[in-house]
Amino acid sequence: MVVSSLRLPTMGRDTSFWPDPVSFENYPAVFDPANGFGRALVNSVIVSLSTTLVTLLFGILAAYALARLRFRFKGLVLAIIIGCSMFPGITLLIPLFKMFTGAYPWMPINWMNTYQALIIPSLSFGLPLCVWNLTAFFRQLPVELEQAAMVDGCTPGQAFRKVILPLAAPGVFTTAIITFIAVWNEFMIALTFGTQQDMYTATVSISKFTGAYGYDTPWGTIMAAGVLVTVPLIIGVLIFQRRIVAGLTAGGVK
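Taken in order, the sequence shown gives residues 81 to 334; the numbers are from my numbering.
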């Protein structure tokens, strides 16, 4: 992808191992106002960050409750949660589309081309993963830590906030990274519910790139956009890979 982005636009589908000459013309072309890629990047950041923050907010509380509270059918609840993450999301697109366009009389709303239409469906797939991962992580933290904090005068909420949450930071960080990457790379939801150019995310915007004549495919520009979207994520994962691995493994060992 990087090599293809360095080819001259006139080289077309050149299959040589290394372009000669090397050209960076495709990168400025990505930000041509006609492509709207700059706004698409902003939209991707807004949707990904919002989804990640909301997922963590509800996921942490739900996971902590499932790890600490005792109630009947808790195993069934966890099975349903993990089952939701296995549900094929594409089967929900039509019902969600009808809901967001006000087709149902009991829900007369019009959320097409809004941020909530891009965020809420992603939450339904990010939350199960978050809850399942953090439940395992909270379970391996000793209850005695909270009890000791409450003996020292903390309320249950303060014990959770000051003792348990800092200890769970590796699991929370890992879950946040996984959720952010999943939402950043999401395509079908963004394509279905964001039909106007000013609401495109980066993945949708790249799929809409057209050449100078309107019918040709600008492979170099598409590859350059792919590099801009992918490389920052790869660098981030490489930087934080130790924390990610620690977060994934810590919840599985007691």
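Even glycine gets a Cβ: it sits at the ideal position worked out from N, Cα and C.
Can the beta-carbon of residue i be found closer than 8 Å to that of residue j?
i	j	result
Phe138	Leu214	no
Glu266	Thr283	yes
Phe289	Ile269	no
Phe367	Ala143	The structure shown has nothing for residue 367, since the chain only spans 81 to 334.
Asn193	Gln321	no
Phe177	Thr272	yes
Thr310	Val127	no
Just the C-alpha distance for residue i and residue j, rounded to the nearest angstrom, thanks.
i	j	result
Lys154	Ala216	13 Å
Asp232	Pro250	25 Å
Ile319	Pro312	11 Å
Val211	Gln220	15 Å
Ala159	Pro89	51 Å
Val83	Phe151	57 Å
Tyr379	Ala304	Here the chain has residues from 81 to 334 only, and residue 379 is not among them.
Lys242	Leu203	27 Å
Ile174	Trp299	32 Å
Gly182	Ala229	50 Å
Met81	Leu146	44 Å
Note the first and the last residue of the continuous alpha helix (DSSP H) segment covering residue i.
i	result
Asn106	106–110
Lys178	173–180
Arg148	117–148
Pro168	Unbroken run through Pro168: none, as it is neither H nor E.
Thr281	No alpha helix (DSSP H) holds Thr281; DSSP gives it neither H nor E.
Give me the Cβ distance between residue i and residue j, rounded to the nearest whole Å; I'm assuming they're in contact under 8 Å.
i	j	result
Val307	Ser96	Not a contact, Cβ separation roughly 18 Å.
Thr131	Val263	5 Å
Could you check if residue i belongs to the surroundings of the ligand FMN, using beta carbon to heavy atom distance under 7 Å?
i	result
Val82	Ligands displayed in this structure: none; no statement on the ligand FMN is therefore possible.
Is the region 236–243 close to the region 98–105, with three or more CB pairs under 8 Å?
no
Count Cβ pairs between the region 111–122 and the region 181–197 that sit closer than 8 Å; are there 3 or more?
By the C-beta criterion, the region 111–122 is judged not to be in contact with the region 181–197, since fewer than 3 inter-stretch pairs fall below 8 Å.
Determine contact between the region 256–266 and the region 119–136, defined as no fewer than three beta-carbon pairs at a distance below 8 Å.
Short answer: they touch.
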